[in-house]
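Numbering (the working numbering), first residue to last: 47 to 171.
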């Protein structure tokens with residue numbers, strides 16, 4: 047049952063990542079870095095922050111690996127957010143010698159993901 051939940055959650059997360067990525071591509075014009083993956087990763091971090099905080103409130107530090115968290119936290123948000131694509135896009139900026147854009151993109155992605163995770167966490171408290 048665990049594998050089925052992870053598979054369904056991961057499949058849905060990947061589909062939503064693709065759809066949101068395609069939607070956010072329209073905002074790319076004039077922005078020198080991949081806006082769609084930045085927004086997807088920040089949104090996913092916010093959602094995972096909400097889910098993780100809710101789970102922590104319910105179970106405390108000894109939260110079990112319940113099927114809902116495996117489905118949504120690991121499956122959906124694990125597939126929705128994409129560190130590997132972020133890494134490819136960041137590396138491409140380095141290869142193109144766009145160092146300022148690289149630091150802007152990696153800085154916004156990292157800080158944005160952490161801040162949005164914290165915001166999601168705080169909203170449940």
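Even glycine gets a Cβ: it sits at the ideal position worked out from N, Cα and C. These figures come from a predicted structure and were not determined experimentally.
Query	Result
Report buried or exposed for residue 151, applying the criterion of at least 16 other Cβ atoms within 10 angstroms of its Cβ.	buried
Run through DSSP, which three-state label would residue 77 get?	coil
Identify the continuous alpha helix (DSSP H) that holds residue 146 and give its terminal residues.	145-169
Which two residues bound the contiguous alpha helix (DSSP H) that contains residue 138?	129-141
So does the segment 139-158 actually touch the segment 70-80, counting three or more Cβ pairs closer than 8 Å?	yes
For residue 121 versus residue 56, is the C-beta spacing smaller than 8 Å?	yes
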